[in-house]
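Report on one structure; see the data block that follows.
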């Protein structure tokens with residue numbers, strides 16, 4: 001297919017072939033502002049979470065476990081979009097820190113259950129102010145933050161299918 005011919009689209013995807021600007025310009029990429037925002041948000045979280053002894057990925061795990069415990073490693077990975085190669089060392093560190101326990105499921109030895117310890121449950125109270133502290137650091141109106149979150153959640157949902165297909 002030549003550069004001037006019409007590019008195929010998938011699903012309801014957009015056909016970008018008629019765009020006059022250089023599609024390889026960094027500022028034209030959807031991925032870059034998301035990547036930059038993720039990095040900048042993680043930097044905002046770092047000092048706030050350091051006060052309660054958590055890294056950003058550990059905080060995400062705790063958010064899931066504070067909502068429902070126990071969880072399997074697989075369900076945590078699905079919820080957080082993390083593979084077991086990333087999640088397992090993270091959970092081992094959290095276990096060493098006394099925040100979670102990891103035990104084999106008695107009904108299925110292949111599954112590992114992750115459960116909060118009393119220390120992990122107690123940390124929830126210390127983390128209560130994290131969202132408000134972060135929101136105060138954003139120069140955005142609350143309605144704009146909610147709209148942005150809704151749009152990014154829709155993007156994540158749209159990307160999950162193709163991402164899972166690529167994992168096979």
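Numbering (the UniProt record's numbering), first residue to last: 1 to 168.
The beta carbon of each residue, even a glycine, is placed where N, CA and C say it ideally should be.
Remember, it's a predicted structure, so these values are computed and weren't measured experimentally.
Practice item. Keeping to the same chain, check which residues put their C-beta closer than 6 Å to that of residue 129; ignore five residues upstream and five downstream. Key: none
Practice item. Would you tell me roughly how many angstroms separate the C-alpha atoms of residue 106 and residue 96, rounded to the nearest one? Key: 22 Å
Check your understanding: Is DSSP giving residue 72 helix, strand or coil here?
Key -> strand
**Study point:** DSSP three-state assignment for residue 133, whether helix, strand or coil
**Key:** helix
Check your understanding: Going straight from the alpha carbon of residue 132 to that of residue 104, what length do you get?
Key -> 37 Å
Check your understanding: For residue 82, which beta-bridge partners are listed by DSSP?
Key -> Beta-bridge pairing links residue 82 to no other residue.
Check your understanding: Is it the case that the Cβ atoms of residue 145 and residue 136 are separated by a distance below 8 Å?
Key -> no
Check your understanding: Heavy atom of the ligand HEM less than 7 Å from the Cβ of residue 31, yes or no?
Key -> Judged by which ligands are present, the structure shown has none, so any question about the ligand HEM falls away.
Exercise for review: List the whole-angstrom C-beta distance separating residue 100 from residue 87, where the pair is believed to meet the contact cut-off of C-beta under 8 Å.
Suggested key: Not really, about 12 Å apart at Cβ, beyond 8 Å.
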